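Novice:
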Amino acid sequence: MPAKSFIHIMGTGAYIPAKVLTNHDLVKMVDTSDEWITTRTGIKERHVAARDEASSDLAAQAARRALDNAGVRADAIELLIVATATPDMFFPSTACFVQKALGIKEAVSFDVSAACSGFLYALETAKALMESGSYKLALVIGAEKLSSITNWEDRNTCVLFGDGAGAAVLQKRQTPGGILSTYLRSDANHTDILNVPGGGSRAPATKAAIHMDGKEVFKLAVHKMISAAEQALKRAGKKDSDLALLIPHQANLRIIEAIAQRVHIPRDRVFVNVDKYGNMSAATTIVALDEARRQGRVRKGDLVELIAFGAGLTWGAAVIQF
Ligand SMILES: CC(C)(COP(=O)(O)OP(=O)(O)OC[C@H]1O[C@@H](n2cnc3c(N)ncnc32)[C@H](O)[C@@H]1OP(=O)(O)O)[C@@H](O)C(=O)NCCC(=O)NCCS
Numbered sequence: 000m001p002a003k004s005f006i007h008i009m010g011t012g013a014y015i016p017a018k019v020l021t022n023h024d025l026v027k028m029v030d031t032s033d034e035w036i037t038t039r040t041g042i043k044e045r046h047v048a049a050r051d052e053a054s055s056d057l058a059a060q061a062a063r064r065a066l067d068n069a070g071v072r073a074d075a076i077e078l079l080i081v082a083t084a085t086p087d088m089f090f091p092s093t094a095c096f097v098q099k100a101l102g103i104k105e106a107v108s109f110d111v112s113a114a115c116s117g118f119l120y121a122l123e124t125a126k127a128l129m130e131s132g133s134y135k136l137a138l139v140i141g142a143e144k145l146s147s148i149t150n151w152e153d154r155n156t157c158v159l160f161g162d163g164a165g166a167a168v169l170q171k172r173q174t175p176g177g178i179l180s181t182y183l184r185s186d187a188n189h190t191d192i193l194n195v196p197g198g199g200s201r202a203p204a205t206k207a208a209i210h211m212d213g214k215e216v217f218k219l220a221v222h223k224m225i226s227a228a229e230q231a232l233k234r235a236g237k238k239d240s241d242l243a244l245l246i247p248h249q250a251n252l253r254i255i256e257a258i259a260q261r262v263h264i265p266r267d268r269v270f271v272n273v274d275k276y277g278n279m280s281a282a283t284t285i286v287a288l289d290e291a292r293r294q295g296r297v298r299k300g301d302l303v304e305l306i307a308f309g310a311g312l313t314w315g316a317a318v319i320q321f
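Each step along the sequence shown adds one to the number in numbering that gives the first Met the number 0, with nothing skipped, and position 232 is 231.
1) Examine ligand 2 and report whether any of its heavy atoms sits within less than 6 Å of the Cβ of residue 35.
2) Could you spell out the range, first to last residue, of the beta strand (DSSP E) harbouring residue 307?
3) Note down, in chain order, each residue of its chain lying with its Cβ closer than 6 Å to the Cβ of residue 60, except the 5 sequence neighbours on either side.
4) Check the DSSP bridge columns for residue 188 and list the partner residues they point to.
5) Take the Cβ of residue 224 as the centre, count every other Cβ of all protein chains shown within 10 Å, and call the residue buried at 16 or more, exposed below.
6) If contacts are defined as beta-carbon pairs under 8 Å, then residue 307 and residue 116 qualify, I think. What distance do you get, rounded to the angstrom?
7) Using the Cα positions of residue 252 and residue 137, report the straight-line distance between them to the nearest angstrom.
8) Might you give, ordered along the chain, the residues of its own chain that have their beta carbon closer than 8 Å to the beta carbon of residue 150, omitting 5 neighbours on each side?
9) Thinking just about the alpha-carbon of each residue, which of 219, 52, 63 is nearest to the one in residue 255?
10) Does the distance from the C-beta atom of residue 318 to that of residue 179 stay below 7 Å?
11) Whole-angstrom Cβ separation of residue 125 and residue 12, contact assumed at under 8 Å?
12) Below 8 Å on the Cβ atoms is my guess for residue 21 versus residue 43; work out the distance and round it to an integer in Å.
13) Nearest by alpha-carbon distance to residue 37: which of 231, 50, 23, 27 is it?
14) Leaving out the 5 sequence neighbours to the left and right, which residues in its chain are closer than 7 Å to residue 95 when beta-carbon positions are compared?
15) Please name the residue in 16, 320, 17 whose C-alpha comes closest to that of residue 169.
16) Where does residue 312 fall in DSSP's three states?
17) Within 10 angstroms of the Cβ of residue 304, are there 16 or more other Cβ atoms? Answer buried if so, exposed if not.
18) Nearest CA to the CA of residue 245: which residue from 259, 234, 235, 237?
19) Taking only the alpha-carbon atoms, compute the straight-line gap between residue 264 and residue 230 and give it to the nearest angstrom.
20) Let me know the secondary structure DSSP gives residue 44 once reduced to three states.
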């Protein structure tokens, strides 16, 4: 029988485009106020990619930093998965563009589509393929240029989102630890409350902008992320008090606070950066994990839980021992 293997996160990296769009900038674009956005969402500013920057460009930058952080050469990567709701094109996959940018000669590269839960879906996919297959090193990336599908005249949605990318280098090892458990779910009864109706095979690209029923999404986000947090901890045989850090999807500070209350975890162990970036969909949890590691908030041996929620509906969690 082959020795049991464990999938570890060896390095992380993030790339946030330079241009900042503050709440005050948005006041000049739609009927809103800094006070409304701050009190309802906790967001103060978000970043917006340049016109000629696509999701794969953000992803490749984040990937280079993650490879650097892990001390791994790009051409050693055998499996490359990009989670994105804003691919460069219908095809080739964004992962193939990233592979090209990184100069990786041959790999298994593909995209995963699960909206804001995308990074966790990609992480579980990579873990399963690494455990069952021959891959030893993988790159898992969450990258979004949400500004490309934002209706800049819709105050209900345009204040909420931002662009960015985060990446993780995964390695299969014999040392216990790493990704201890994951938990993923989808409920397709709510495809109508958060979607981009146009630009696919059903409707033309003129309708390619985010549509959302914010109140419904809010309620379900709290409920589903709490359930995912509990399920993944249970699968890992851990309790919420074992967590050094909880990294929830960063869509709204009020959602994060509602989750923190239910998960019985002190506020200083709940990671928040929604104020700086808004909701970067699939990029959110991995950018947050990278930032937390750089801030020294994740030490060797620490237990960290990521939880996410997104259109689909999709939701999930992962418990990781560093
Ligand atoms: C969108 C969201 C911030 C709205 O907050 P809320 O507390 O539900 O807002 P309310 O329903 O109390 O207020 C809505 C009112 O504010 C108005 N409003 C919406 N956006 C506004 C803005 N940017 N500025 C000012 N007013 C705004 C609406 O037009 C509405 O006005 P009305 O009552 O006259 O119709 C909140 O519902 C939310 O965050 N939902 C989840 C979104 C999310 O997480 N999406 C991604 C999931 S991955």
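Just so it is clear, CB atoms sit at the ideal spot from N, CA and C, and this is done for glycine as well.
These numbers come from a predicted model, not from an experiment.
Specialist: Inspection of the coordinates gives the following:
1) Because ligand 2 does not appear in the structure shown, any question about it cannot be addressed here, the ligands present being ligand 1.
2) 302-309
3) 14
4) For residue 188, which the question treats as bridged, DSSP gives no partner whatsoever.
5) buried
6) 4 Å
7) 32 Å
8) 156, 157, 208, 209
9) 219
10) yes
11) The pair is not a contact, with the Cβ atoms about 16 Å apart (cut-off 8 Å).
12) 7 Å
13) 23
14) 108
15) 320
16) coil
17) buried
18) 259
19) 16 Å
20) strand
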